[in-house]
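To keep things clear, I will list the structure first and then write my remarks on it.
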Amino acid sequence: MFTIISRIFHFGAKNFWRNGWLSTATIAIMTLSLVVSLNLILFSVVTRAATNSIENEIDISVYFNTNTSEDEILNIQQSLEGLSQVQSVDYISRDQALATFQQNHADNPVISQVINTLDSNPLDASLNIKAKDPSQYGAINDYLSSPSIASYIDSTSYNSNQEAITRLATIVGDMETGGWIVTIFLILVAGLVVYNTIRLAIYSNRDEIGIMRVVGASNALVRGPYVVEGFFWGGISAILSLILVAPVCYFVSSHLNDFIPGLNIFRYFYTHILQLFLYQLLFGVVIGSLSSFWAVRRYLKN
Amino acid sequence: MIVFQGVSKHYSGHGVALEDTSFQIDPGEFVSLAGRSGAGKSTVIKLLIGEERPSKGRVFFGQYEVNKLRDNELPAFRRHIGVVFQDFRLLPTKNAYENVAFALEVAGRPQREIDELVPQVLDMVGLGDKTKNFPNELSGGERQRVAIARAMIHRPEVIIADEPTGNLDPFHTFEIVKLLEKINQLGTTVVLATHDKEVINSLERRVITLDKGRVIRDEKKGKYILV
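If you read the protein sequences in the order shown, they are chains P and R. In case it helps, our numbering puts the first sequence at residues 1361 to 1662. In case it helps, our numbering puts the second sequence at residues 14 to 240.
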């Protein structure tokens, strides 16, 4: 058994080397397909960053009546934090709101003067709520509308921003769904291209397979070396795809950063290079070996 | 050893290749299958190595009933036979040594035995100095000698040669026939399918003559006679 397995690897490696042109052509096609798959991974990172960036822009602020005590507001904050849809709730007291307001308008002497002439702080205390998912703001707003809480509330930003929040939630959802559909479609296309390339490569070896059968080679010994070749094709293509994508990633990175602040796609690339290589290797090796396995099958009869 | 019992082979749309054919070949014999192109010689060989299945009748090889072998049983069965073809059928990506060694490798024989046997057999067929040459670097006669070396390396009970001299000039034809006779003298049964009159007449061995898929003559010391 060990002898047969070692011979399968030996024949596979030798065929890979001796069928130089065939290997080169197959690797070229597989590399292009793997570049597509690698770009899809990076595209999903960009989409996720863009989605997060949009999501971070969405929140609702709840302004409380000036006669609502801080304890009551903190109780409401606590109850909000207990909701499964809520990611975070920040309390902004009336004093903090005034300080922020003054700071934001320090350059405007008219506003500063008006504020100084007032006897009391006119600003409401507020809670700033972020949901785990943008589509859940409606449910949070419903909770805030319940009679036990609504009586304390002066206004919420949800009602004025409802349309924008709903639209942003739809865009985020559509981007995720669309990303998945495009990814699955392109991976299928890449897989089919690789399978057909390997099928053609093995078709050109059909006479050799016939000779092996006549000499008495078992199915495993006929098929094995081709699976090993597929393994090599996939492995080398995985390495080449990373080498090709790295410089593109480097040049694109700064431009992407202009659109999506905080996103450094090149840093993501080199900090996740091992993980990306393993994905590529898995995709290349699995599809290379399986394609060879299936493509040889039809020549193993008689 | 080899028995054909009322064997017929019909191809849909291509008529009859073999019709109610019966004969027996004993161990150690040298038998020529004679006949024109299309007489059914190659069909007999294909049925014998399990490449085709008969439409009717039974084919026996030793303890095997070949027509009943499943696809996964064929490789082990074929290791009892050595086959030589007109078009040599050598693996183009392997050199002479590797082509011959391949027949032992597929049988799972140890490397030590392969290293010992292959040079001996290549010497025997006169190619001791061309072990590293690839098929495209060898002449037709040399390629056929590599094919014969591959066929005999695992000491099969039978060597089947299907028009082995069809692509060769008279000088190399004579060489190959001498080689097959030598193998037969060492005890291996040889079945030679050919339409070469000179080859059959020079052998003076048993000749089974086929015509239109039927055995029309079977003589112990036959000549090439078609009518």
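For each residue, glycine too, the CB sits at the ideal point set by N, CA and C.
Enclosing beta strand (DSSP E) for residue i [first to last residue]
i	result
residue 119 (chain R)	Residue 119 (chain R) -> no beta strand (DSSP E), and no H or E assigned at all.
residue 103 (chain R)	Here residue 103 (chain R) belongs to no beta strand (DSSP E), and DSSP marks it neither H nor E.
residue 46 (chain R)	43-47
residue 18 (chain R)	15-24
residue 33 (chain R)	28-38
residue 72 (chain R)	69-74
residue 219 (chain R)	219-224
residue 62 (chain R)	Segment: none, residue 62 (chain R) is in no beta strand (DSSP E) and carries neither H nor E.
residue 1378 (chain P)	It is not in any beta strand (DSSP E) - residue 1378 (chain P) instead sits in the alpha helix (DSSP H) that spans 1362-1378.
residue 1423 (chain P)	1420-1424
residue 95 (chain R)	94-98
Neighbour-count burial assignment, residue i, 16 or more Cβ in a 10 Å radius
i	result
residue 1635 (chain P)	exposed
residue 1529 (chain P)	buried
residue 134 (chain R)	buried
residue 81 (chain R)	exposed
residue 1548 (chain P)	exposed
residue 1430 (chain P)	exposed
residue 92 (chain R)	buried
residue 1506 (chain P)	exposed
residue 1497 (chain P)	buried
residue 1388 (chain P)	exposed
residue 1630 (chain P)	exposed
residue 319 (chain R)	With chain R covering only 14 through 240, there is no way to say anything about residue 319 (chain R).
residue 1524 (chain P)	exposed
residue 1593 (chain P)	buried
residue 1474 (chain P)	exposed
residue 76 (chain R)	exposed
residue 1591 (chain P)	buried
residue 1615 (chain P)	exposed
residue 1375 (chain P)	buried
residue 89 (chain R)	exposed
residue 167 (chain R)	buried
residue 1350 (chain P)	In the structure as shown, chain P starts at 1361 and stops at 1662, and residue 1350 (chain P) therefore has no counterpart that could be examined.
Contact list for residue i against chain P, beta-carbon separation under 7 angstroms
i	result
residue 75 (chain R)	Those within 7 angstroms of residue 75 (chain R) in chain P number zero; the least Cβ separation is about 15 angstroms.
residue 16 (chain R)	By Cβ distance, chain P contributes nothing, its closest Cβ being about 21 angstroms from residue 16 (chain R), past 7 angstroms.
residue 177 (chain R)	Under the 7 angstroms cutoff, chain P gives no residues; its nearest Cβ is about 14 angstroms from residue 177 (chain R).
residue 183 (chain R)	Going along chain P, no residue has its Cβ under 7 angstroms from residue 183 (chain R), so there is no contact; the nearest lies around 27 angstroms.
Contact list for residue i against chain R, beta-carbon separation under 8 angstroms
i	result
residue 1378 (chain P)	106
residue 1367 (chain P)	118
Contacts that residue i makes with chain P (C-beta to C-beta distance below 8 angstroms)
i	result
residue 116 (chain R)	1575, 1576
residue 62 (chain R)	1574
residue 119 (chain R)	1572, 1575, 1576, 1577, 1578, 1581
residue 163 (chain R)	1575
residue 91 (chain R)	1573, 1574, 1575, 1576
residue 148 (chain R)	Within 8 angstroms Cβ-Cβ: nothing; residue 148 (chain R) doesn't reach chain P, min ~11 angstroms.
residue 132 (chain R)	Residues of chain P passing the Cβ test: none, with the nearest at roughly 19 angstroms.
Endpoints, the alpha helix (DSSP H) within which residue i is located
i	result
residue 1594 (chain P)	1579-1619
residue 1627 (chain P)	1625-1631
residue 1431 (chain P)	1430-1441
residue 1454 (chain P)	1454-1464
residue 232 (chain R)	It is not in any alpha helix (DSSP H) - residue 232 (chain R) instead sits in the beta strand (DSSP E) that spans 227-232.
residue 213 (chain R)	210-216
residue 1474 (chain P)	1469-1477
residue 1569 (chain P)	1566-1575
residue 87 (chain R)	87-91
Where residue i meets chain R, residues with beta-carbon distance less than 7 angstroms
i	result
residue 1375 (chain P)	106
residue 1589 (chain P)	Result: empty, since nearest Cβ-Cβ is about 11 angstroms, beyond 7 angstroms.
Expected contact under 8 angstroms - CB spacing of residue i and residue j to nearest Å
i	j	result
residue 157 (chain R)	residue 177 (chain R)	6 angstroms
residue 36 (chain R)	residue 17 (chain R)	5 angstroms
residue 1585 (chain P)	residue 1371 (chain P)	4 angstroms
residue 160 (chain R)	residue 98 (chain R)	7 angstroms
Chain P residues whose Cβ lies nearer than 9 angstroms to that of residue i
i	result
residue 67 (chain R)	Those do not exist, as residue 67 (chain R) stays about 13 angstroms from chain P at its closest Cβ, beyond 9 angstroms.
residue 84 (chain R)	1579, 1660, 1661, 1662
residue 96 (chain R)	1574, 1575
residue 40 (chain R)	Those within 9 angstroms of residue 40 (chain R) in chain P number zero; the least Cβ separation is about 20 angstroms.
Closer than 6 angstroms: residue i CB and nearest the ligand GTP heavy atom
i	result
residue 1507 (chain P)	Within the structure as shown, the ligand GTP is missing, as the structure has no ligands at all.
Contacts of residue i in chain R (Cβ-Cβ under 9 angstroms)
i	result
residue 1363 (chain P)	118, 121, 122, 123, 124
Within chain B, partners of residue i - CB distance below 8 angstroms
i	result
residue 1568 (chain P)	Structure shown: chain B not included; protein chains present are P and R.
Discussion item. In chain order, what are the residue ranges of uninterrupted alpha helix (DSSP H) at least 4 long that sit wholly in the region 1486-1520 of chain P?
Written reply: 1497-1504, 1507-1510
Fill in: Whole alpha helix (DSSP H) elements within the region 120-207 of chain R, 4-residue minimum
124-137, 153-165, 183-198
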